[in-house]
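These notes are about the structure you will find just below.
Residue numbers (the working numbering): 196 to 317.
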């Protein structure tokens, strides 16, 4: 027995909505805990930034190889597909630093001397 057109449309609509919601929920990324250095990050690290996928990460890496280190996050505006609005959304997740610079570890707390033992009460 063939499906009625209105039933078929309802099924197609429900399937479409399911796939749209699934795609939208998988597009949400948890932002990186610390800004990503665009001068040292590889493609996988760049893709941790919301708004940067494999294609954009590849463009960033390629531009860095071709023209050298970025001097500012604003240098990304030279890449096709980057505009002010898009860059502003991801700016807080990006940083620039010297190539080959190692991250500075957090400073250790100052060492404290143990207090002298108190004399026992008399």
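Ideal Cβ placement from N, Cα and C applies to all residues, glycine included.
Note that the structure is predicted; figures quoted are calculated from it, not measured.
Round the Cβ separation of residue 246 and residue 287 to the nearest angstrom and send it over; I've been treating them as touching at under 8 Å.
Contact flag wrong, Cβ pair sits at about 11 Å.
Inset, instruction - Measure the alpha-carbon distance for residue 252 versus residue 239 and round it to whole angstroms. - result: CA-to-CA, the gap between residue 252 and residue 239 works out to about 8 Å.
_Need the endpoints of the alpha helix (DSSP H) that residue 252 sits in, please._
249 to 262
Exercise. Assign residue 157 to one of three DSSP states: helix, strand, or coil.
Key: No answer is possible for residue 157: it lies beyond the span of the chain, which begins at 196 and ends at 317.
- If you compare alpha carbons, which of 280, 291 and 226 is closest to residue 263? 291
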